[in-house]
Amino acid sequence: MSEPESTGVDSAEVLSPELFAKIKSIQIRTQRVVNDVFAGEYESAFKGRGMEFEEVREYREGDDLRHIDWKVTARMGHPFVKVHREERELTVMLAVDVSSSGAFGTGAKQKNEVAAELAALLAYTAIKSNDRVGLVIFSDRIELYIPPKKGSVHVWRVIREILSFRPTRRSTDLAGALEYLSKVLRRRSVIFVISDFLDEGFSERLRVAARRHDVTAIAVGDRREADLPPIGILELEDAETGETVLIDTYDSNTTGGFRLLAGEDRKERSTFFRSAGVGEVRIHADEKDYVDPLVRYFHFRETRR
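Residues in the sequence shown are numbered consecutively from 0, following numbering that gives the first Met the number 0.
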């Protein structure tokens with residue numbers, strides 16, 4: 000996967016009235032959701048997951064014997080322990096798939112629109128919790144990279160890029176995006192990969208990323224991708240390759256097989272995510288509410304802790 004170029008919307012570009020209104024609407028809705036229900040759930044699920052070394056000091060009665068620093072103890076002739084403090088500040092990286100398969104939706108919004116709003120919600124939540132947030136936008140190459148930082152000015156740049164970005168490529172390379180993240184993230188981070196995961200060959204890269212980082216896969220789909228309506232002969236086109244296929248949606252064997260195959264793919268993907276230690280959130284773009292699935296996921300993480 001090639002390095003990112005200065006694609007997308009330049010920071011100096013004047014926003015159209017339509018885009019400005021969209022960003023403002025997302026800002027208002029995101030702030031309300033975060034303030035009302037989201038921030039507390041996020042902090043409970045993710046905060047304090049790491050421990051950072053602080054000092055070595057003499058052993059005190061009641062100290063955990065597992066924390067004894069045996070090298071210092073041997074050198075000094077009496078017990079010393081390592082002291083760690085809970086690491087409260089996180090680095091959150093949003094990896095957003097902008098390939099052409101996201102340009103599908105049978106509800107009010109397409110998958111890529113829902114993915115952008117989810118990323119905006121998570122970005123604002125991270126900043127609200129005093130975390131650093133960064134952004135990778137990818138197709139079959141890295142289209143844009145914004146390094147993690149703090150602050151309201153930074154987060155609204157991230158959100159604006161997410162909502163206004165115009166991809167240059169159609170295909171997907173999840174493995175390449177994960178490899179890029181492994182190079183730019185020097186410390187353990189929380190990574191949200193927002194994609195429809197209609198790609199192959201990324202399993203090992205995802206498994207490796209999950210060993211080093213806290214990875215959550217947010218799978219954005221549409222129910223009609225698995226359940227075709229009975230409307231006669233339907234021409235389906237792969238948005239990324241342009242290949243087409245004709246399907247008779249009145250043929251129950253055809254539609255049933257299509258539904259079964261899609262269900263098996265989802266089940267296989269979920270099984271892999273669990274085995275790799277990757278969290279999974281399923282979002283349906285054809286449904287209005289995408290906050291509840293995230294809140295349920297955060298609850299699940301909290302109870303596991």
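Idealized CB from N, CA, C, for every residue including glycine. Remember, it's a predicted structure, so these values are computed and weren't measured experimentally.
Check, Outcome
"Among D195, W69, M92 and R204, whose alpha-carbon lies nearest the alpha-carbon of E279?", "D195"
"Does the region 107 to 118 come close enough to the region 171 to 178 that 3 or more CB-CB pairs lie under 8 Å?", "no"
"Whose CA, out of R140, I145 and K23, lies closest to the CA of R131?", "I145"
"By the DSSP assignment, the beta strand (DSSP E) with R204 in it spans what residues?", "Note, R204: premise wrong, no beta strand (DSSP E); alpha helix (DSSP H) at S202 to R211."
"Taking the alpha-carbon positions, what's the G255 to V183 distance?", "44 Å"
"On the DSSP bridge list, what partners appear for Y144?", "V135"
"Please list the terminal residues of the continuous alpha helix (DSSP H) segment that includes D356.", "Residue 356 is absent from the structure shown; the chain starts at 0 and stops at 304."
"Which of helix, strand or coil does DSSP assign to E54?", "strand"
"Return yes when the Cβ of R140 is within less than 7 Å of the Cβ of A218, no when it is not.", "no"
"How many angstroms separate the CA atom of S24 from the CA atom of D68?", "54 Å"
"Verify whether the separation of the beta carbon atoms of M92 and G133 is less than 7 Å.", "yes"
"Rounding to the nearest angstrom, what Cα-Cα distance links A176 and D62 in this structure?", "43 Å"
"Note down the Cα distance separating F19 from S163, rounded to an integer number of angstroms.", "10 Å"
"Is V189 near L89, with beta carbons less than 7 Å apart?", "yes"
"Please confirm whether T105 and D285 have their CB atoms less than 7 Å apart.", "yes"
"Straight-line CA distance for I136 to V97?", "7 Å"
"Locate the beta strand (DSSP E) running through T90, then write down its first and last residues.", "T90 to D96"
"Suppose only complete runs of 4+ residues qualify. What are the alpha helix (DSSP H) ranges in the region 152 to 200, listed by chain order?", "173 to 183"
"Rounded to whole angstroms, what is the Cα-Cα separation between F297 and I27?", "22 Å"
"Measure the CB-CB distance between I193 and A118 and report whether it falls below 7 Å.", "yes"
"What is the rounded straight-line gap between the Cα of R223 and the Cα of R211?", "35 Å"
"Do you know offhand how far N34's Cα is from V207's?", "34 Å"
"Check K287 in the structure and name its three-state DSSP category.", "coil"
"Let me confirm a value: F299 is counted as buried when at least 16 other C-beta atoms fall within 10 Å, else exposed. Which label applies?", "exposed"
"If you reduce the DSSP assignment to three classes, tell me which class K149 lands in.", "coil"
"Can you say whether V152 is buried or exposed, counting buried as having 16 or more other CB atoms within 10 angstroms of its CB?", "exposed"
"Pick out whichever of T253, S181, L180 and A125 has its Cα sitting closest to the Cα of V306.", "Because the chain spans 0 through 304 in this model, residue 306 falls outside it and cannot be assessed."
"Does the Cβ of D288 have 16 or more other Cβ atoms within 10 Å, making it buried, or fewer, making it exposed?", "exposed"
"Whose CA, out of A216, S251 and T240, lies closest to the CA of I232?", "S251"
"So, using beta-carbon positions, are E40 and V294 closer together than 7 Å?", "yes"
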